[in-house]
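First comes the structure, then the notes that go with it.
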Amino acid sequence: MIELKNVSISYPLPDGSPRPVLEHVNVHIDRGELVYLVGPTGSGKSSLLRAMYMETLPQTGSVEIAGFHSDTMKLSDIPYLRRNLGVVFQDFQLLPDRNVFDNVAFAQYVTGNRGKLVTNKVLHVLSRVGLSHKRQRFPHELSGGEQQRVVIARAIVNDPWVMLADEPTGNLDPSVADEIQKLLIGLHRAGMTVLMATHDYRMVRNFPARTLAVLNRRIVEVDPKSLIS
Ligand SMILES: Nc1ncnc2c1ncn2[C@@H]1O[C@H](COP(=O)(O)OP(=O)(O)OP(=O)(O)O)[C@@H](O)[C@H]1O
Ligand SMILES: [Mg+2]
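Just so we're on the same page, our numbering is the position in the sequence shown counted from 1, plus 1361.
Here is the structure:
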């Protein structure tokens, strides 16, 4: 489902020389797994997720995800890849001038779906995230937790195989964070492959699952029970 082989990512320093963030990293995630990605701030968690989303290509190695391979990807394949990935990134990124329904429907329109099919799918995912009653609201009329649920609804409306979540509970207070985590775990239980980058060890302990850590530019498997905040 997700296979990273020998992946290195670096960014240029002001003098143009490369500063490595990840070096020769290997990751294998099976279909249907729930995996946490932990590591200190600046260690490269978001960089790894962006490589999986193929927003950036690694300097070495290859990325395979949901049947797409970085070595053979064409630019024109990117939209098809993105339809198979649900992404929930660090900031909410909702369209401020559209209501909840339209924010979610937008993800359907870009796939070419129209009409009743879109309406039915959007209403279905909004009920899954518990926001049917707020479908006419605009983002600024929602709490942080509600906005994040809209982001999740938008991420799942195209029935993706994989969910990449980058600190999906980062800006939320603990009780709301728990609610969002439960939602993501519910998606995993329903069969979705979920990779979640988080700083929040409390979350990992609440619902322990396979945990990868970025450590010294490498990815290592860690025991979720050993994480102390
Ligand atoms: N586009 C970029 N250009 C230059 N440097 C970058 C870029 N993106 C990230 N970096 C650097 O790469 C390192 C890894 O960043 P990344 O965002 O992947 O870390 P992270 O583990 O997600 O951190 P956080 O927990 O704070 O979200 C950081 O030192 C960051 O400053
Ligand atoms: Mg990050």
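Note that CB positions come from ideal geometry on N, CA and C, so glycine has one too. These numbers come from a predicted model, not from an experiment.
To the nearest angstrom, how far is the alpha carbon of P1535 from that of R1571?
When the Cα atoms are used, P1535 and R1571 turn out to be separated by approximately 22 Å.
Just to confirm, is the Cβ distance from Y1470 to V1448 under 9 Å?
no
Measuring alpha carbon to alpha carbon, tell me which residue in N1464, G1547, K1586, S1407 is nearest G1393.
G1547
Should P1375 be labelled buried (16 or more other beta-carbon atoms within 10 Å of its own) or exposed?
exposed
Residue of T1554, N1567, I1589 minimising C-alpha distance to L1395:
T1554
With hydrogens ignored, establish whether the beta-carbon of E1528 is closer than 8 Å to any heavy atom of ligand 2.
Yes, the Cβ of E1528 comes within 8 Å of a heavy atom of ligand 2.
Please return the same chain residues whose Cβ sits closer than 7 Å to the Cβ of G1552, not counting the five positions on each side in sequence.
G1393
Express the C-alpha separation of G1405 and Q1542 in angstroms, rounding to a whole number.
22 Å
Opposing strand residues paired with R1571 [DSSP bridges]:
DSSP lists V1396 as partners of R1571.
In chain order, which continuous runs of the beta strand (DSSP E) of length 3 or greater are located wholly inside the stretch 1363-1421?
Counting only runs of 3 or more, we get 1363-1373, 1379-1390, 1395-1399.
Leaving out five residues on either side along the sequence, give the residues of the same chain with a beta carbon under 7 Å from the beta carbon of L1576.
Hits under 7 Å: G1400.
Under a Cβ-count criterion, where at least 16 other Cβ atoms within 10 Å of its own Cβ denotes burial, should E1528 be classed as buried or exposed?
buried
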